[in-house]
Each structure stands twice: as C-alpha cells, then as structure tokens.
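Read through the structure below, which is laid out as structure tokens, and then see the notes.
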Amino acid sequence: DAKTTQPNSMESNEEEPVHLPCNHSTISGTDYIHWYRQLPSQGPEYVIHGLTSNVNNRMASLAIAEDRKSSTLILHRATLRDAAVYYCILRDLLDAGNMLTFGGGTRLMVKP
Amino acid sequence: ETGVTQTPRHLVMGMTNKKSLKCEQHLGHNAMYWYKQSAKKPLELMFVYNFKEQTENNSVPSRFSPECPNSSHLFLHLHTLQPEDSALYLCASSHLGSYEQYFGPGTRLTVT
Numbered sequence: 005d006a007k008t009t010q011p012n013s014m015e016s017n018e019e020e021p022v023h024l025p026c027n028h029s030t031i032s033g034t035d036y037i038h039w040y041r042q043l044p045s046q047g048p049e050y051v052i053h054g055l056t057s058n059v060n061n062r063m064a065s066l067a068i069a070e071d072r073k074s075s076t077l078i079l080h081r082a083t084l085r086d087a088a089v090y091y092c093i094l095r096d097l098l099d100a101g102n103m104l105t106f107g108g109g110t111r112l113m114v115k116p
Numbered sequence: 069e070t071g072v073t074q075t076p077r078h079l080v081m082g083m084t085n086k087k088s089l090k091c092e093q094h095l096g097h098n099a100m101y102w103y104k105q106s107a108k109k110p111l112e113l114m115f116v117y118n119f120k121e122q123t124e125n126n127s128v129p130s131r132f133s134p135e136c137p138n139s140s141h142l143f144l145h146l147h148t149l150q151p152e153d154s155a156l157y158l159c160a161s162s163h164l165g166s167y168e169q170y171f172g173p174g175t176r177l178t179v180t
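Sequences listed follow chains A and B, in order. Going by our numbering, the first sequence opens with residue 5, and the numbers climb by one from there. Going by our numbering, the second sequence opens with residue 69, and the numbers climb by one from there.
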C-alpha cells in the first residue's frame, strides 16, 4: 500500500481555520485519498475523500495537489469538538476488500 | 451513534479465560471488520468479512477466532490471551465497495 506521512501533532485556536497536511509521494493513479478522524474514546469516523479534484462537505474541505503527491484537510472554523486524531489514508479504487490501512495520524489540539 | 454497537465496552480477563466480543450493525451493510488499536500503535486490521465470508486474516494469532453468523453480527472469540493483547478492539461495517466504514465505539480489553 502507498504510504502517507503526517505531522504527529498540531495546535489550533478555536474559531480559526486549520490546515492538516498529508504527503503521499508514492500515490498511484487509482488511489483515493480518504480522511478519517478519531475523537477521544470513540471509534474513527469518515470525514471526506477525493481522487483528483478538491472536495467540500459539511465537515471539511479536501485540497489535493495537482500532482496528487500531497493533500490538505481544511477545517474552516475549528471548534473544541474537532480535537481528535486525523488520519490520511490511501485506498486503491481496485481494492475489492475495502481495507483501510491507518498510520499514526495527526493529533489536533484546539485551544479555547 | 453510528449504527454499530459493541459489547461489552470494557472487559478484564485473565490469561486462561475464554470470552467473546460482540458487534452488531443496524445499517444493512454486507461487510464487517475487526481492528485492534494498541497504545502508541496505529489501528491494525485483523479480519474482514464480506457477505459472511472471511476474506482477510491479517496474520492474526489463533487465540483470536472471529465468527460472522450473519451480515449484521460479528464476534471475536478470545482464549488464552497474553497481556500484550490488551488494547481497544474496534468493529466496523460498510457496504462492499463503499469508501466509508462506520466504526463502533470499541471494547477496551485488559488481559491480566
């Protein structure tokens, strides 16, 4: 599986935007970029995914570099409830097994 | 509430005990998963079931025995575990081929 690299931790102030980076320089043409997050004492939850174009949903935006070797998850206004570990995961479109390979993720801390 | 429930939420067992973890999904999904999350390690996929058939066993020791009697229920039978098996065990489900997995809250297992 292609590997992703994320900072171990980041800090943000409440009400400010947060940009969470992910590098995936060995991404293949059929890899989707997925983001999940894990709030304290909970299982992971899906945030967003994309292939080539930037994506927006009610939780976040995903900005994908033109060469697809990196992406950024954008939280437009961080709240205290956004404090979590954020995982950037590549999943092959051709993978019928639905497998997700989690890395260490980025622990986001939000200060009031 | 993700539609995936796990029981028990906490379990303490001795190394000679036999216990079972239960997962139930109310989402009409046809794929179910067991993950293990140890302290300071990424989530590790253990087993995958598609349409009640096991399609992935990620080199998991035989002291962990999964069972999927129908597409809504998944069990993880535990016997003669080791202290290093103490971890958070997470269940997830999805539609086969879907980009989104739904996770339960996990069972915190402590082996003494």
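Ideal placement from N, C-alpha and C gives every residue a C-beta, glycine not left out.
Of the listed residues 115(B), 164(B), 178(B) and 177(B), nearest to residue 95(B) (C-alpha basis) | Taking each of 115(B), 164(B), 178(B) and 177(B) in turn and checking the Cα distance to residue 95(B), the smallest one comes out for 164(B).
Rounded distance between the beta-carbons of residue 11(A) and residue 105(A), thought under 8 Å = Taking 8 Å as the upper bound for CB-CB distance, residue 105(A) and residue 11(A) are not in contact here, some 19 Å apart.
Taking 8 Å as the threshold, find out whether the stretch 142–154 of chain B comes into contact with the stretch 86–100 of chain B through three or more Cβ pairs.
-> Judged by Cβ distances under 8 Å, the stretch 142–154 of chain B makes contact with the stretch 86–100 of chain B, as three or more pairs qualify.
Got a sec? Which residues, its chain only, sit under 6 Å from residue 107(A) by beta carbon, not counting five neighbours each side?
-> These residues qualify, in order along the chain: 8.
Is residue 81(A) helix, strand or coil by DSSP?
-> In this structure, residue 81(A) counts as coil in the three-state DSSP scheme.
In terms of residues, what are the limits of the beta strand (DSSP E) holding residue 143(B)?
-> 141–147 is the span of the beta strand (DSSP E), which, as asked, contains residue 143(B).
For residue 36(A), the nearest candidate out of 178(B), 180(B), 167(B) and 177(B) (CA to CA) | Residue 167(B) is the option with its Cα nearest to residue 36(A).
Straight-line CA distance for residue 26(A) to residue 74(A)?
-> Taking the straight line from one Cα to the other gives about 6 Å.
Does any CB atom of chain A fall closer than 8 Å to the CB of residue 75(B)?
-> Not closer than 8 Å to any Cβ of chain A, the Cβ of residue 75(B) fails to qualify, so no.
Return the bridge partner residues of residue 91(B) from the DSSP annotation.
-> DSSP output for residue 91(B) lists 74(B) and 142(B) as bridge partner(s).
Does the distance from the C-beta atom of residue 102(B) to that of residue 144(B) stay below 8 Å?
-> Going by C-beta atoms, residue 102(B) is nearer than 8 Å to residue 144(B).
Bridge partners of residue 23(A), per DSSP?
-> Answer by DSSP bridge pairing, in chain order: 78(A).
Cutoff 8 Å; reference residue 138(B); Cβ partners in own chain excluding five residues on either side = Same-chain partners within the cutoff: 120.
Any beta-carbon of chain A closer than 8 Å to the one on residue 139(B)?
-> Output row for residue 139(B): interface = no.
Hey, does residue 90(A) have any beta-carbon neighbour from chain B nearer than 8 Å?
-> Chain B contact via Cβ: absent.
Which listed residue (69(A), 112(A), 82(A) and 70(A)) has its alpha carbon closest to that of residue 90(A) = Ranking the options by Cα distance to residue 90(A), first place goes to 112(A).
Cβ shell of residue 106(B) (< 6 Å), same chain only, five flanking positions each side left out = Excluding residues within five positions, the ones whose Cβ falls inside 6 Å are 155.
Continuous beta strand (DSSP E) stretch holding residue 89(A): start and end | Unbroken beta strand (DSSP E) run through residue 89(A): 88–96.
Is there a Cβ from chain B that is less than 8 Å from the Cβ of residue 21(A)?
-> Not closer than 8 Å to any Cβ of chain B, the Cβ of residue 21(A) fails to qualify, so no.
Going by the C-beta, is residue 70(B) closer than 7 Å to any heavy atom of the ligand NAP?
-> Ligands in the displayed structure: none, and consequently the ligand NAP is not present.
If we ignore side chains and look at the alpha-carbon of each, how far apart do residue 158(B) and residue 173(B) end up?
-> Going from the Cα of residue 158(B) to the Cα of residue 173(B) covers about 7 Å.
Confirm, please, whether the CB-CB distance from residue 67(A) to residue 52(A) is below 8 Å.
-> Going by C-beta atoms, residue 52(A) is not nearer than 8 Å to residue 67(A).
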